[in-house]
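Whatever position you read off the sequence shown (first residue = 1), add 68 for this note's numbering.
Have a look at the structure below before the remarks.
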Amino acid sequence: MSHQKARFATRVAVIALAMGSVAATAQTVPAGEAPQASEGIQDIVVTARRTSESLQKTPISITALDSRALERINIQAVDKLGQVAPNLVISQQSSSLSAASINIRGIGQTDPSLGLDTAVGIYLDGVYVARSAGSIFDLVDIERIEVLRGPQGTLFGRNTTGGAIQIVSKKPADIFGVTVKGGYGSRNNMFGRVRVDSGEFGESGISASGSYYHRQRDGYFNNRLTPSSKDPGSLNVDAFAIGLKGDFGAFKVNYGFDYDDRTGAPGFFQTVALSPAAQAYYSRSASNGGAPLQFVGPDTRLNSGLQQPGGPGNTYTSHTRSQGHTLTAEYEFSPAFTVKSITGYRKLLLENVLGLSGQGDLKGLVLDFTSPTLTSVQSVTPYNGYNSPQKQKQFSEELQLLGKAGDFSYVLGGYYFREKVSEANNQTLTLVLAPSALPFLGFPGAVADALTAQGIDLIGFNTSPLAAYSQVSKSYAAFGQVSWKPQALDEKFELTGGIRYTEDRKSIFLQNTNGGVSTIVGPARGKVKNTNTSYVGSVSYQLSNDALVYAKLSTGYKSGGFNPRADTLNSFAPEKLVSYEGGAKLDLLDRRLRINAAAFLSKYDDLQVPQFAAGSGGASTLLVNAGKAEFKGVELEITAIPARGLVLSGSMGYTDPKYKSFLFLNPNTNTVSDIAANARFPNVAKFNSNLAADYTFEPMAIGTLSARVSYAYRSHVYFYPNDAVNPYQQDVDSPATNTVDARIALSDIAVGGRAKGEISLVGENLLNEDQVLYGIDFGSLGFGGKFYSEPRRVSVEFKLSF
């Protein structure tokens, strides 16, 4: 048995022993009556407007998934939400185990740099998770996920121009209970999870919960240099969560701690494009005693080969550790007035092996001034390195005043946020040059002449630039939102208005070097201050108890700042938008048919667009304010119960973006031109959809059998806006994806006493489609590549509840 399998078996044994010690106590708790099953579609309570209200009565375009839906769909991390929510695209980033590009309605942020803000806010129990580099974490114990589409600038604040994702964890239960779940599947994909609820301690009003989760898998690309446990795509996760709840009548308090530690080898980054010079140069590696060049073009997926290490000590694996504390306290002075505080502290550490060469140990002829011939054969690489350490710490405090006065309800509040980030990206790369190009890099012309005289047509130049910086951000905000729902109209009509003032301050210290020599041109330190006033206005009308129509006008703001990996203090302005939205939420046929629809038009000024840059100083993404753009589209979600036990659901999202102006400064000619007609929108899928069928059979003596099958489609995605800067755009793109998943489960299996069991068979990506997760065009470095998602996977899972 391998070391990792033995470790997993030990953990399962510990969980089993813990179960044995608590099972007798668990079975003595009287079983409560099971809730009566409803023939209609159940509603979900959401907090999209900072107060608890019905999903169907909230005038916002929302996808909400409760814990049962998350389990049926088998959502273990945030990245799978893109398969079920309209106009949501989530792309896992290369080289990282936890970074993602998240777009809602075409707006997002593709660079996971700790110094750049997102356009889609992620909130865990009301606390803003500031960095997309830490947005993929395992969902250990989740009660509900809400995807809010469109700007949420009033109640959620800055950096939600695209929308927000709210993750709500399960709070400690009032009665004792234990749940254990585990599974095993393809490529030694194993997981185990245990949750223990203490129940209320006597009559103290205090209860607690604890959860532990472990997941591991082998890689899905056979790197002939490593064991399968360290192959690209391998993963090992340990996560746990602790919850404390105090209910003291008018005063309620909840504390939560979450911890996620993951180690693994990022997916194999396959070279799919090479310039003629790069292909000719690296093709000589084998004859120089190095590994052969791995290059089969953009249309063939490699499943086996060589992947060189990227970190110190021949490290093949990356590491991410995120953790956070949340303290929520509220006091109800009266049924009409409550004060609420949300305090959060989070930390993030990333140690990423870049591994973006997609090659073994290549050998090439390089410039070497210690050699009499000025050349020697050395290890060369298109691009590699170790981005470590990356550190982030954040503290936030939000105070809310919630209340009602006659026909009016309101939310007033203040917000403070402070964050410190730092990054040290240790890069290694080889510039492939004709000797005649050396004088342009500052080398004497005599060097070029000497190489040409030796008949050398291509020479490599090894360089090791360091992209390092530190940044401090502070944000202050005050907000308020008031809704008027007159009793004279039976509270069917609602008029809402809100406003938020934000002040952001950022300071940065650039420390980029090349060979130990600073590459910073001009000042290395800079400060910037931005202010914004966002507002929202909406009107809704309840046509009947089961039919709501609404219209909304809202604005959003994404803060400005500095490009952290630039060689100068390169700043960009805030991004602002005005959004118009109209929608309807309908429950028909005695709640057997639900139709939620929305249409939107968003107008952006100073839209922040990523522009990739690569050269002797390494690779980075620079944000530029492209100018003006419009996004329009629709969302539709339908759920139907045509027969007892059968639930059909479907969703679709369509986004049609268009640049009104995109001013581009050509670095070669130093001229500015408007490329709006040809520019692309990065990481935007114009269309995505989902279809699913769930069927629950009549209960049997052994349990209840259910089955689910789903199909998700996402249209073609480009990753860069400008083909002139990224010549391999067409090669590193992500073609349309078709994902078929299925699940068969036997639940409510009587185990003894109150204990219930469940066993299920789960299949994902059953078509075994080669799906591109992300692509990078290194442009001037002469190559591009992309990495793929995990192939078809099948697993068997079990669950025990006491």
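Even glycine gets a Cβ: it sits at the ideal position worked out from N, Cα and C.
Please read all numbers here as calculations on a predicted model, not as lab measurements.
| Item | Value |
| --- | --- |
| Length at least 3, wholly inside the region 510-598: the beta strand (DSSP E) runs in chain order | 527-531, 533-552 and 561-578 |
| 7 Å Cβ cutoff met for T222 and S543 | no |
| Three-way DSSP call (helix, strand, coil) for N494 in this model | strand |
| Residues sharing a beta bridge with F866, DSSP | G250 and I827 |
| Burial state of N746, where buried means 16 or more other Cβ atoms lie within 10 Å | exposed |
| Nearest-angstrom Cα separation, counted from V340 out to N833 | 23 Å |
| Inter-residue CB distance, A761 and L716 (contact presumed, cutoff 8 Å) | 5 Å |
| Distance between P344 and D185 (C-alpha atoms, nearest Å) | 37 Å |
| Run of the beta strand (DSSP E) containing R811, from where it starts to where it stops | T805 to G820 |
| Neighbour-count burial assignment, H784, 16 or more Cβ in a 10 Å radius | exposed |
| Environment of T739 [buried if 16+ CB atoms lie within 10 Å] | exposed |
| Nearest candidate by alpha-carbon position, reference S275, set F244, V305, G253 and D436 | F244 |
| 6 Å Cβ shell around K415 - same chain, five flanking residues per side excluded | Q391 and K461 |
| Buried or exposed by the 16-neighbour rule on C-beta atoms within 10 Å, applied to L149 | buried |
| 7 Å Cβ cutoff met for S622 and S647 | yes |
| Beta-carbon spacing of F870, V262 below 7 Å | no |
| Range of the contiguous alpha helix (DSSP H) that encloses A345 | P344 to Y350 |
| Bounding residues of the beta strand (DSSP E) (the contiguous stretch that carries R136) | It is not in any beta strand (DSSP E) - R136 instead sits in the alpha helix (DSSP H) that spans S135 to I141. |
| Rounded straight-line distance, which links the Cα of D286 to that of G301 | 7 Å |
| Three-state class that DSSP yields for S719 in the structure shown | strand |
| Boundaries of the beta strand (DSSP E) in which H282 is found, first to last residue | I274 to R285 |
| Between the CA atoms of G831 and S863 - distance to the nearest angstrom | 7 Å |
| Selected residue, minimal CA-CA separation from G686, among L501, T126 and T531 | T531 |
| Residue(s) in a DSSP beta bridge with T772 | S815 |
| CB-CB length for Q177 against S163, believed under 8 Å | With a Cβ gap of about 16 Å, Q177 and S163 do not count as contacting. |
| P503 in three-state terms, based on DSSP | helix |
| Y280 burial status per 10 Å Cβ neighbour count (16 or more: buried) | buried |
| C-beta atoms of D429 and A359 nearer than 7 Å | yes |
| Stretch pair the region 695-702 + the region 712-726: three plus CB contacts closer than 8 Å | yes |
| Pick from D265, R255 and G230 that is closest to P240, judged by C-alpha positions | D265 |
| Length of the line joining the Cα atoms of E398 and G273 | 15 Å |
| Inter-stretch contact at 8 Å, needing at least 3 Cβ pairs: the region 444-459 / the region 586-600 | no |
| Member of Q151, A813 and A666 whose CA lies at the smallest distance from the CA of L759 | Q151 |
| Whole-angstrom distance between I663 and V500, CA atom to CA atom | 57 Å |
| Spatial distance of T807 from A348 (CA atoms) | 38 Å |
| Own chain residues within Cβ distance below 6 Å of A804, not counting five before or after | S783 and H784 |
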